[in-house]
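Visitor: First, the structure itself, so that you have it in front of you.
In my numbering, the protein residues as written are 54 to 467.
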């Protein structure tokens with residue numbers, strides 16, 4: 054059996070461990086068997102050596118939140134008066150699409166992600182076709198099947214449809230399913246609870262958009278504001294709707310959703326009580342910096358979350374609110390706008406934290422024996438040494454060179 058060895062000038066195993074002139078050995082089925090100083094090309098014909106020259110081999114980048122099926126909306130939703138206006142435009146655009154459009158959009162997004170260093174992604178699929186579109190792609194994926202309906206009488210129908218989709222899925226090492234009740238303003242309590250129960254029964258990860266906007270907080274607290282108008286216009290606000298009079302995170306806790314860890318997307322507006330609940334539940338938060346800036350939100354509480362010990366990962370969101378699916382771009386943007394974050398913290402958010410958030414904390418996100426050989430290769434753009442290598446990459450020294458998944462090159466610039 055042929056083994057593969059990836060050699061480079063630097064191997065950045067994790068933010069604090071740099072090996073010079075080192076090699077990553079990969080054994081079947083695509084896991085790291087050892088990392089050691091380079092001893093020269095082995096004489097054995099059973100060993101395939103891939104030499105990346107003066108580049109850096111680092112853990113593969115993890116995009117913990119994306120909507121790949123919306124990739125083809127890049128640049129189309131740039132003029133809007135509010136978040137609900139943006140949502141309305143998004144719905145209008147999607148109503149014009151056919152099944153083939155979603156497939157093409159998801160595949161294009163996957164290609165963009167791989168061609169910028171991403172090795173693991175958490176993708177939300179509302180259309181239900183992303184699984185098919187992404188099955189053959191060389192990227193590790195968790196595809197969260199999205200469900201939404203604010204009408205209690207439709208809960209059984211939506212649940213049955215989702216279960217049917219999940220029953221048809223055949224997971225493998227690179228493709229796993231998940232469940233995503235969209236958000237507290239779009240999923241009724243009558244649907245939230247059984248979706249959560251289904252996730253626990255099947256041991257599938259759960260992802261929820263939560264505390265994304267001030268309008269969401271207003272709607273859950275008083276039942277008023279733009280979300281009431283938005284849902285009324287769509288014809289999906291129940292006549293007898295009574296708001297829970299809670300903030301999003303306490304509301305999810307009250308429903309029993311946070312009795313086990315959940316992937317909480319955005320969490321732009323959190324009070325101390327909400328943060329304490331997230332910490333107790335051992336849930337992860339996904340912060341999408343450029344999408345956050347696109348909508349003009351107030352400063353994200355990422356610093357407070359990290360200080361509390363909450364796992365915070367990075368995501369790009371979709372190209373309907375971002376200009377690329379590159380985690381390198383996301384890290385570097387975050388470094389520029391948040392001077393209260395250290396480079397090593399940002400690096401972890403884009404690697405180990407993201408892997409942990411998606412359920413791969415013991416097999417991805419760092420380079421270690423027994424972990425998947427999922428790696429990003431960075432070509433440094435200036436003369437440099439091993440000192441502060443993590444900071445150099447986060448701050449902008451280097452460009453994407455190659456993406457390696459399970460020890461095999463999935464994409465490269467060469």
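Don't be surprised by glycine CBs; every beta carbon is placed ideally from N, CA and C. All of these numbers come straight from a predicted model, not from anything done at the bench.
(1) Hey, is the segment 156 to 169 in contact with the segment 188 to 196, meaning 3+ C-beta pairs nearer than 8 Å?
(2) State the DSSP-derived secondary structure class of residue 376, mapped to helix, strand or coil.
(3) Check whether the Cβ atoms of residue 234 and residue 240 lie closer than 8 Å to each other.
(4) Does the Cβ-Cβ distance between residue 366 and residue 115 come in under 8 Å?
(5) Thinking C-beta only, is residue 64 closer than 8 Å to residue 100?
(6) Go through its chain and collect everything with a Cβ distance to residue 259's Cβ below 6 Å, but skip five positions before and after it.
(7) With 16 other CB atoms within 10 Å as the buried threshold, where does residue 320 fall?
(8) Among the residues of its own chain, which have a CB less than 8 Å from the CB of residue 270, if the five just before and after it don't count?
(9) Would you decide whether residue 434 is buried or exposed? Buried here means 16 or more other CB atoms lie within 10 Å of its CB.
(10) Using a threshold of 8 Å, state whether the C-beta atoms of residue 183 and residue 176 are closer than that.
(11) DSSP three-state call for residue 466: helix, strand or coil?
(12) Give the C-beta separation of residue 296 and residue 276 to the nearest angstrom, bearing in mind that I take them to be a contact with Cβ-Cβ under 8 Å.
(13) If you follow the beta strand (DSSP E) that residue 72 is part of, which residue opens it and which one closes it?
(14) Quick one: give me the first and last residue of the beta strand (DSSP E) that residue 125 is part of.
(15) Consult DSSP for residue 87 and reduce its assignment to one of helix, strand or coil.
(16) Where do the N-terminal and C-terminal ends of the beta strand (DSSP E) with residue 424 fall, by residue?
(17) Would you kindly check if the distance between the Cβ of residue 155 and the Cβ of residue 122 is under 8 Å?
(18) State the CB to CB distance for the pair residue 143 and residue 351, rounded to an integer number of angstroms; the pair is presumed to be in contact (CB under 8 Å).
(19) Which partner residues of residue 453 appear in the DSSP bridge assignment?
(20) Might you give, ordered along the chain, the residues of its own chain that have their beta carbon closer than 8 Å to the beta carbon of residue 268, omitting 5 neighbours on each side?
(21) To which residues of the same chain is residue 449 closer than 6 Å at the C-beta, ignoring the five residues directly before and after it?
(22) By Cβ distance, which residues of its chain are closer than 6 Å to residue 107, with the 5 residues on each side in sequence left out?
(23) Helix, strand or coil: which one does DSSP assign to residue 231?
(24) So, with DSSP's three-state summary, where would you put residue 113?
(25) Pull up the DSSP beta-bridge partners for residue 319, would you.
(26) Between 214, 188, 203, which has its C-alpha nearest residue 229's C-alpha?
(27) Between the Cα of residue 437 and the Cα atoms of 190, 451, 425, which residue gives the shortest distance?
(28) Do residue 111 and residue 456 have their C-beta atoms within less than 8 Å of each other?
(29) Under 8 Å: do the segment 284 to 298 and the segment 338 to 346 share three or more Cβ pairs, one atom per stretch?
(30) Give me the residue from 90, 207, 118 with the minimum Cα distance to residue 243.
(31) With DSSP as the reference, please indicate the residues paired to residue 195 in a beta bridge.
(32) Please classify residue 129 as buried or exposed, where buried requires at least 16 neighbouring CB atoms within 10 angstroms.
(33) For residue 447, which of 460, 432, 157, 84 has the nearest alpha-carbon?
(34) Just to confirm my understanding: we take residue 418, look at its own chain, exclude 5 residues before and 5 after, and list those with CB closer than 7 Å. What are they?
(35) Hey, could you find the ends of the beta strand (DSSP E) residue 344 is sitting in?
(36) For residue 69, count neighbouring C-beta atoms within 10 Å of its own C-beta (all shown protein chains included) and say buried if the count is 16 or more, exposed if not.
Guide: The short version:
(1) A contact exists between the segment 156 to 169 and the segment 188 to 196.
(2) As a working mapping, residue 376 is identified with position 323 in the chain shown. Looking at residue 376 - three-state DSSP - the assignment turns out to be coil, as it is neither helix nor strand.
(3) Within the chain shown, the letter at position 181 stands for residue 234. Within the chain shown, the letter at position 187 stands for residue 240. A distance below 8 Å separates the beta carbons of residue 234 and residue 240.
(4) Position 313 of the chain shown holds residue 366. Position 62 of the chain shown holds residue 115. For the 8 Å CB-CB criterion, residue 366 and residue 115 form a contact.
(5) For the purposes of this step, residue 100 is taken as the residue at position 47 of the chain shown. For the purposes of this step, residue 64 is taken as the residue at position 11 of the chain shown. With contacts defined as CB atoms closer than 8 Å, residue 100 and residue 64 fail to qualify as a contacting pair.
(6) The sequence position of residue 259 within the chain shown is 206, counting from 1. The answer, listed in chain order, is 232, 252, 315.
(7) Numbered from its first residue, the chain shown carries residue 320 at position 267. Buried is the label assigned to residue 320, since at least 16 other Cβ atoms lie within 10 Å of its Cβ.
(8) The sequence position of residue 270 within the chain shown is 217, counting from 1. Excluding residues within five positions, the ones whose Cβ falls inside 8 Å are 264, 300, 301, 322.
(9) By 1-based counting over the chain shown, the position of residue 434 is 381. An exposed status is given to residue 434, since fewer than 16 other beta-carbon atoms sit within 10 Å of its beta-carbon.
(10) Your numbering for residue 183 matches position 130 in the chain shown. Your numbering for residue 176 matches position 123 in the chain shown. Contact: yes.
(11) Here the question's residue 466 lines up with position 413 in the chain shown. In this structure, residue 466 counts as coil in the three-state DSSP scheme.
(12) As a first step, residue 296 is located in the chain shown; it is residue number 243 there, counting from the start. As a first step, residue 276 is located in the chain shown; it is residue number 223 there, counting from the start. Yes, they are in contact, since the Cβ atoms of residue 296 and residue 276 sit about 4 Å apart, within 8 Å.
(13) Translated into positions along the chain shown, residue 72 becomes position 19. Boundaries of the beta strand (DSSP E) harbouring residue 72: 70 to 80, taken from the DSSP string.
(14) Locating residue 125 in the chain shown gives position 72, counting from the first residue. Residue 125: not part of any beta strand (DSSP E); DSSP gives it neither H nor E.
(15) Along the chain shown, one-based indexing puts residue 87 at 34. Judged by DSSP in its simplified three-state form, residue 87 adopts strand.
(16) Here the question's residue 424 lines up with position 371 in the chain shown. In the DSSP assignment, residue 424 falls outside any beta strand (DSSP E) and carries neither an H nor an E.
(17) For the purposes of this step, residue 122 is identified with residue 69 of the chain shown, where counting begins at 1. For the purposes of this step, residue 155 is identified with residue 102 of the chain shown, where counting begins at 1. Cβ distance < 8 Å, so residue 122 and residue 155 count as in contact.
(18) Sequence index remark: in the chain shown, residue 143 carries index 90 (1-based). Sequence index remark: in the chain shown, residue 351 carries index 298 (1-based). A Cβ-Cβ separation of about 22 Å leaves residue 143 out of contact with residue 351 under the 8 Å criterion.
(19) Counting from one through the chain shown, the residue named residue 453 turns up at place 400. Per the DSSP secondary-structure output, residue 453 pairs in a beta bridge with 431.
(20) Residue mapping note: residue 268 aligns to position 215 of the chain shown, counting from 1. Taking C-beta separations shorter than 8 Å and ignoring five residues to either side along the sequence, the partners of residue 268 in its chain run 135, 136, 137, 278, 279, 280, following chain order.
(21) Translated into the one-based positions of the chain shown, residue 449 becomes position 396. Same-chain partners within the cutoff: 385.
(22) For the purposes of this step, residue 107 is taken as residue 54 along the chain shown, with counting starting at 1. Within the same chain, residue 107 has close Cβ partners 62.
(23) Taking the first residue of the chain shown as 1, we reach residue 231 at position 178. In the structure shown, residue 231 sits in a strand (DSSP, three-state: E or B).
(24) For this step, residue 113 is matched to residue 60 along the chain shown. Residue 113 carries a coil assignment under DSSP once its states are collapsed to helix, strand and coil.
(25) Translated into positions along the chain shown, residue 319 becomes position 266. Paired residues: 263.
(26) Numbered from its first residue, the chain shown carries residue 229 at position 176. That would be 188, whose Cα lies nearest to the Cα of residue 229.
(27) Residue numbering aside, residue 437 sits at position 384 when the chain shown is read from its first letter. For residue 437, the nearest C-alpha among the options comes from 451.
(28) Reading the chain shown from its first residue, position 58 is the one you call residue 111. Reading the chain shown from its first residue, position 403 is the one you call residue 456. In terms of Cβ geometry, residue 111 and residue 456 do not form a close pair [threshold 8 Å].
(29) These segments do not touch.
(30) One-based indexing of the chain shown puts residue 243 at position 190. Comparing Cα positions, the closest option is 207.
(31) Your numbering for residue 195 matches position 142 in the chain shown. Beta-bridge partners of residue 195 (DSSP): 175, 229.
(32) Mapped onto the chain shown, residue 129 falls at position 76. For residue 129, the number of other beta carbons within 10 angstroms of its own is below 16, and it is reported as exposed.
(33) Position 394 of the chain shown, counted from the first residue, corresponds to residue 447. Cα-wise, what sits closest to residue 447 is 432.
(34) Taking the first residue of the chain shown as 1, we reach residue 418 at position 365. Answer for residue 418: 112, 115, 404, 405, 407, 408, 409, listed in chain order.
(35) Taking the chain shown and counting its residues from 1, one reaches residue 344 at position 291. Not the beta strand (DSSP E): residue 344 falls in the alpha helix (DSSP H), residues 342 to 347.
(36) Translated into the one-based positions of the chain shown, residue 69 becomes position 16. With fewer than 16 Cβ atoms within 10 Å of its Cβ, residue 69 is classed as exposed.
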